[in-house]
Structure formats: C-alpha cells, structure tokens
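What follows is a set of notes on a single structure, which appears directly below.
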Amino acid sequence: MVDINKRVFWHFTFKDILTILCSAAIPIALAVYTAIESQQQKQQAEKKQQFDSEQAEKIRRFDLEQAENIRQFDLEQSRELRQQTLYDEFINNIYKLDKDGYLKEKKNPWAFANAYYRAAHRQWDTKRKADVLQFLKEKQLIGRNNCTNGCKTTNLDDIIHLNKLNFDNVHLASETGVLNQLDLECVSFDQVSMSNTTFSFASLNGVSFDGGRLDNVKFDGASLLCTSFNGVNLSGTDFGNSDLTGAHFSNSDMTGAKITEDQINQASFDNVIMPNREKSETTSSTTAKQPITQTTTILRIEMSTTTTTTITTSPSASSTTTTTLTLSSSSSSTTTSTMTKSTPPPSSLSSTTTSSTTTSTTTTITTTSSSSSSTAAAATSSSTEETLLSTSSTTTTTSIAWNSTFLNQNIYSTGLYPYAVAVANVNNDNQLDIVTANSGSSTISVLFNKGNGTFSSPTNYSADGSPFTVAVADVNSDNKSDIVIANLMLRTVSVLLNAGNGTFSTRTNYSVGGAPQAVTVTDVNSDNKPDIVAANQGSDSVSVLFNTGNGTFSSQVTYAVGGGPQAVTVIDVNSDNKPDIVAANVESNTVSVLFNTGNGTFSPQVTYAVGLSPHSVAVADVNSDNKPDIITANYKPNTVTVLLNTGNGTFSPQFTYKVGENPHSVAVANVNSDNTPDIVTANYGSNTVSVLLNRGNGTFFPQTIYRVGATPSSVVIADVNSDNKPDIIVVNKAGNTVSILLQS
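Residues in the sequence shown are numbered from 259 upward in steps of one, following this note's numbering.
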C-alpha cells in the first residue's frame, strides 16, 4: 500500500498508480457484475413465469376442449341412443301389430300404426327418417293399392298415409350405393314438406306428390317413371340426370327449376309455371264455365222380368248378363252415352241410344261382373223408374239423377291450397258469398256474389298457421257476418270481425288445443251469443270458448274425445233444447257424442263406430222421425256412414253407402225438393262429388257422380243463384279453385 502522506503526489510511480486503480476497480467490477447477474436472473424469472402461465393456459384450454369434446360425444351418443330407442320401439310396435294379426286383410286398425308413426316422426332425426321410409316400403306398409306394372304393394289400404309431415333437408339415399337403392315406388306424399332434400339413386316410379313442397330438391340419378306432381312447389328443383318418362306435372310452380329439354319432352305438363316463368298452356278465365256442350234426353225406362235375358255364370270366370230394354224418348236428338252406376257387386253398364222423330227405341245393355254370382237381378227389376239422363258431347261419362242435375259448373280462383269453404251473405246484399280457408298461402279468400250465381275475383285476408277450417257467423251482434278460422299449426282460432260491406278487421287469436282441424260457431250456453267449438286433432279434444260479448271470447274449456278429431258439429241430438257436440275421430274410427248438461258444460263422450278414417261429419234428420241422425264421410273405405237416432241421443249401428274415392267432406241437404235430406260428398281421390238421393225413409239411392277440380276437400250446399234450387260449392285444394255446380 502506498503511503501518500509521506510522498508528494508527483513522486508516485507507475506501480503506485496501478496499485491504487486496482484497489478501486475490483469493488466496482464486483458491484457491476452483481447488478448484471441480478438483472439476468430477474429476466429469467419473468420468462419462466410467462412460460409457466402460457403452459398453464394451454393445459386449461386443452382440458376445456377435452371436456367439451367428451360432452359433445356424450350428447351425440345420447341422441343416437334415443333415436335408436325410438326407432326400435316403432319397429317393435309394427312387428307386434303384425304378430297379433292386425296387418292381415280382415283386421284393419290402421290408426294404431299411423299413431305410432306420427308420434315417432316428430322426434326422429333426418337420417332416421330416411331409414324409416325404407323400412316402411320394404314391409309394404306404404304404397298405393292401385299401383300396377310390377309395383310391390299389398291389396290393402295404406297403413300409414304420409301426409302433413316434414322431411326437410333429409338425404334419401342408400348408404350402400346404387346396388341397394332406396325404393319408394308408388308411395303417396300428401302435403309433405321435403324442401332441400336430396334423392340419390332413389326409385320413385309411380310416386304421387300432392300439394307438398319440393323446392330446391335435388334428384340425383333418381328414377321418376310415371311420377305425378300435383299442386307442388318445385321452384329451384334440380332434376339432374333423372328419368322423367311418363311423369306428369299439374298445377305446379317450377320457377328456376333445372330440367333439360329432353326431360321436358319425356314428361307432360298441365297448368304449370315452367322454369322460364311461362305457363305450360293457356288456361281459361277464372269465371268461365267448363266447355260442356250438353243434350238432355228424358227417357222412360221400362224393365220387366219377362224380357229375354242371356246369363252366363261360372265360379271362376266373369258372368255376363244381356237384357233387352224398351225406352220411350221425348227427345228428337241423337245421343251416345256411357253410364256408370255403382251397385253391389260393382258392375259397368254401357248403352248406346239413338232416337229420331219416333217415340221409341230399343237398346241392348250388357252387364259384366267379376263376381261368380249372377247380376241379372240388378238389370231386370220388375219396377218402372223414370230417370233423367244428361250427357255431354265432350265426355263419355253420363250423370244420372232423379229430378236434379248439376252440370252447369263455374270455376273461380282462390288462394293457395284451399282446404275449407263456407257460404254466407257477408256484405248485406241478400246474396250468398263464398269464403275459403287457404292452407297453403295462409289466407282467407272472400268471393262476392254478383248475382245469378256469378262471383267476383277473390279478396284475400292474411291468416296464420295454415287455416284448415272456416266458419261464418255474427259473433258481435252487429248484424254483420264475421269469420272464424282454425289455425292448424298455431294451436289457435282466429276471429275476423266484419267492418262493413264485407271487409274484415285484423284477426284476433285465441288459444285452443293441439292442431285444431275444425271449428264451428254455435250458442252452447243459451245466452244468445254464438260460442266457438274447435276439434283439436293433435290433443284428442274439443275446445269450447264462450262468447263474452262484443265478439270476444273466454279461455278454452276442453273435453276429451276419440283419437284425432278431424271434424265437429254442434246440434241438439237428444231433444232437450240444448246443443250437443258431435266429433268425427279419424284415428279411432269413431264419432264422439258429448251431451250438453246445461250452461254450455258437456258430459263425457259416448262413442259409436263408423268407417275407417272419418274425415267429416254432418247431422240431419234423414228418416223423418224428428230425431237428428249422424252422417260421416269415411276416407279409407270410400263410404259414407249413416247412424240413425233411436231416441234420447242414442244411435243405431251404422249403415254404409259407396261414394267416390277418398271422401273428404260431407254435406246433407234436400237437393231435389222432395222434403228429405240428401247426401253430398267431396271425393278427394277421384276429383268428383257424389250425390246420394234419399229414398224417403233414411235409405239412399246409389251415388250420382259429377266431376270437379283437383282434390276437392270441402263441400257445402246452398242456393247461390236465387232460383230456389240448392247448388253445390266445393273447393279444389290442388287446383287452387272453387267449383260451383248450379242445379239445372
């Protein structure tokens, strides 16, 4: 160490200076190093902390993703297990029906299978719906019994009728490819929604699409031989390379559809909006009459058992009966006609009549029947009948009626898919107007009577939820007819009050049960205010809503009825001056009678068996005993049922009469001025109406058939041209029209 006290500064040696510097630098260096090391350690600690945080976040996210994946997997497994359980339960129910013999020809409770199917359909996923369709077809549980040319169907009516169901976004294809393609031949889809669905290599030969939605559907290699599209929305549909040979399109919208010129040449089109937005053909005016040129000949037919008759009867071959008849004619025209008359067993009668200025001609009628028994009795009656035959030069079908004919048909446009019709004077001009409920466009159409039974273009009012039924009555005591509708999809009924001159206010909705299919308006509690009664197909009940005044209604009171009530009417059936409820139950094949116990309350139902799938009910005294009887239209067996009132509101076992195919609606009124009510049905499947004239004792003559528009779904009887003769009014769902058959 240098002693600076003993030496002067300038006597320092270099060594002394170095010694001094070294003694000061070492502590400074140590301090600097220590500071740098501390900073590095701090940075490393911060990096480690950040890394640990990132790792922890990654682990947390991974755990969350794993947990979510496990949850989703569990949900998928749960859904799949539920779907499989539903599917297995449905299959087991079908097999149980088969095992118990319910799918045999002599046991026909189709409603059971239909109920199972509909309950499960609401819960199936899209893949399962396709699987179930395939199963139903393989088991021959769907498909029309009139399918020919190799279609594998049973001789029974459909067990499951595919109508008003939802198959949107379903991929209908076999998972194993074209060698095991989906076979839906001859299945009937009625108002089925299949938007955005894909048909991959599916066999759709003979399939009928009626009134449904097929917009943006893709047919990928599908076979559509002889397929029918009637009243279908086909906008944006892609037909791909599908075979359309023999396919028929009618009353449909194909705007923007992808279809080749070759495919167009393969098919036929009737009143179709083509992809270029042009109509396939020119249609007549909505107010123009059908081109019927008619000649009316009054023939007096005298048939005697002494007439020469040749009969051939064989146990296995068809039997032929030839009968010579003498006809006296008051006409001088020349007429060629073919008569079709339904008599058990069914037979076909054909005749050719030629008359000039002479007063008599001779005609030979040949009757051919597939029955092994002789049918000569039907052709050789000992009685003498006077028959009015009206023939048309444009058709070979002759309508036969006694003192009433309905050949003068007018057709008017309505909204989309009109499902129900009512007739009433809504604008106080003493003329009956027409009101329709249009399920496809969710509107109400009002057609005003211009006089002489001609009508204006429709005035439309907005509705909600697919209105299926309409009733007209003054519900607010202002002497103006108001409109009440049942909204199938919304579980409501709507009231549209008449604002004057036949215009209507905005609707007011009231809650009812599930899927209200029908509505009627009647004072059920004797307070001089009409109340609402609705039939709820989805909840197997009827709802009663009391009028509280000024056209407002109370909350519903519900009563249980049979399975799937499709129609309802209210009338006093037990002569106690209190209106009772009668409902037709489409799934249980019954009618329910609920007696009014006073103040608008009703007793538990009493049920009576009728035909299969009763779609409509009417009540009238048909046998002149001052007791109202029940008449139903039975959709599946093509019949009407008559239940005669035996007193106190009890009814006899049913009598049935044959009508056209799939009767959807029935009305009862005296159409031939003999003071006995007759039966008229709208036949959805044959595009006809049937008229059954009352013999006078509550039994009825065989039907007379008149052709109307496509898929008639509702019929009423009223004198719309003020000639004191009731006319027939029917709405044609697929045709989007209303037909008026004026009585001549």
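Don't be surprised by glycine CBs; every beta carbon is placed ideally from N, CA and C.
Practice task
Please report the residue range of the beta strand (DSSP E) in which Asp520 lies.
Solution key: Per DSSP, Asp520 belongs to no beta strand (DSSP E); it is in the alpha helix (DSSP H), Glu519 to Gln524.
Exercise for the section: Specify the secondary structure class of Thr638 as computed by DSSP and reduced to three states. Expected result: For Thr638, the pLDDT reaches just 30, beneath the cut-off of 50, and the residue's location in the model is therefore unreliable, leaving the point undetermined.
Handout entry: Residues near Asn982 in its chain [Cβ-Cβ closer than 7 Å; skip 5 each side]
Key = For Asn982, where only same-chain residues beyond five positions count, there are no Cβ hits under 7 Å.
Handout entry: C-alpha distance - Asn847 paired with Val868, whole-angstrom precision
Key = 6 Å
Practice task
Name the residue from Ala721, Thr890 and Gly905 whose alpha carbon lies nearest to the alpha carbon of Val899.
Solution key: The amino acid at residue 899 is misidentified as Val; the sequence shows Thr. The shortest Cα separation from Thr899 among Ala721, Thr890 and Gly905 belongs to Thr890.
Practice task
Report the option in Gln324, Asn707, Asp528 and Ala314 whose CA atom is closest to the CA atom of Asn686.
Solution key: Asn707
Handout entry: Same chain, Cβ closer than 8 Å to Pro872, neighbours up to 5 away in sequence not counted
Key = Gln824, Ala825, Ala842, Asn843, Val844, Asn847, Thr848, Val849, Thr890, Ala891, Asn892, Tyr893 and Thr899
Handout entry: Gly470 and Phe447 closer than 7 Å at C-beta
Key = In terms of Cβ geometry, Gly470 and Phe447 form a close pair [threshold 7 Å].
Handout entry: Paired residues, beta bridge with Ser508 - DSSP
Key = Asn488 and Asp528
Problem - Beta-carbon separation (whole angstroms), Gly711 vs Leu1000, contact threshold 8 Å - result: With a Cβ gap of about 6 Å, Gly711 and Leu1000 count as contacting.
Practice task
Give the secondary structure of Ala460 by DSSP, where H, G and I count as helix, E and B as strand, and everything else as coil.
Solution key: Ala460: coil per DSSP, three-state reduction.
Practice task
Using only alpha-carbon positions, find the residue among Asn454, Gln449, Ser453 and Phe459 that is nearest to Leu442.
Solution key: Leu442 has its Cα closest to that of Phe459, out of Asn454, Gln449, Ser453 and Phe459.
Practice task
For Ala744, I'd like the list of residues in its chain whose CB is within less than 7 Å of its CB, leaving aside the five on either flank, ordered along the chain.
Solution key: Pro725, Phe726, Thr727, Val751, Pro774, Gln775, Ala776, Val777 and Ala792
Practice task
Report the residue from Thr456, Cys484 and Glu536 whose alpha carbon sits nearest the alpha carbon of Asp473.
Solution key: Looking at the Cα atoms, Thr456 is the closest of the given residues.
Practice task
Tell me whether Lys537 is buried or exposed, calling it buried when 16 or more other Cβ atoms sit within 10 Å of its Cβ.
Solution key: exposed
Exercise for the section: Verify whether the separation of the beta carbon atoms of Arg765 and Leu748 is less than 7 Å. Expected result: no
Handout entry: Proximal residues to Asn674 (C-beta, below 7 Å), its chain only, five neighbours per side dropped
Key = Strictly speaking, residue 674 in this sequence is Leu, with Asn absent from that position. Only Asn696, Gly698, Ser699 and Asn994 meet the Cβ criterion.
Handout entry: Cut-off 7 Å between Cβ atoms - residues of its own chain near Asn805, not counting five sequence neighbours on either side
Key = Val733, Lys787, Pro788, Asp789 and Phe811
Exercise for the section: Count the CB pairs spanning the segment 876-886 and the segment 942-956 that are closer than 8 Å, and state whether there are at least three. Expected result: yes
Exercise for the section: Give the C-beta separation of Ala678 and Thr694 to the nearest angstrom, bearing in mind that I take them to be a contact with Cβ-Cβ under 8 Å. Expected result: Between Thr694 and Ala678 the Cβ distance is about 7 Å, and since that is below 8 Å, they are a contact.
Exercise for the section: Determine the DSSP secondary structure at Leu1000, reduced to helix, strand or coil. Expected result: strand
Practice task
Could you tell me how far apart the beta carbons of Ile987 and Ile522 are, in whole angstroms, since I believe they sit closer than 8 Å?
Solution key: About 36 Å; that fails the 8 Å criterion.
Exercise for the section: Within 10 angstroms of the Cβ of Pro862, are there 16 or more other Cβ atoms? Answer buried if so, exposed if not. Expected result: By the 10 Å Cβ count, Pro862 comes out exposed.
Handout entry: Residues that DSSP places opposite Thr934 in a beta bridge
Key = In the DSSP assignment, Thr934 forms no beta bridge with any residue.
Problem - Inter-residue spacing [alpha-carbon to alpha-carbon] between Ile839 and Ser833 - result: Computed Cα separation, rounded: 13 Å.
Handout entry: Own chain, CB closer than 7 Å to Ala293, minus 5 neighbours either side, in chain order
Key = none
Problem - Boundaries of the beta strand (DSSP E) in which Phe447 is found, first to last residue - result: Its beta strand (DSSP E) spans residues Ser446 to Asp448.
Practice task
Name the residue from Gln524, Asn903, Ile888 and Ile531 whose alpha carbon lies nearest to the alpha carbon of Asn491.
Solution key: Ile531
Problem - Chain-order list of residues whose beta-carbon lies under 7 Å from that of Phe713 (same chain, five-residue window excluded) - result: Tyr670, Ile692, Leu705, Phe706 and Asn707
Problem - Under 7 Å between C-beta atoms of Gly907 and Val831 - result: yes
Handout entry: Distance CB(Pro960)-CB(Thr939) smaller than 7 Å
Key = Against a cut-off of 7 Å, the Cβ pair of Thr939 and Pro960 comes out as no contact.
Practice task
List the endpoints of the continuous beta strand (DSSP E) containing Gln824.
Solution key: Pro823 to Ile829
Handout entry: Alpha-carbon spacing of Ser595 relative to Ser720, whole angstroms
Key = Unreliable placement is indicated for Ser595, whose pLDDT of 33 sits below 50; no coordinate value is reported for it.
Practice task
Would you check if the distance between the CB atom of Ser481 and the CB atom of Asn463 is smaller than 7 Å?
Solution key: yes
Problem - Buried/exposed call for Gly772, threshold 16 Cβ in 10 Å - result: exposed
Practice task
Taking only the alpha-carbon atoms, compute the straight-line gap between Lys305 and Ile275 and give it to the nearest angstrom.
Solution key: 44 Å
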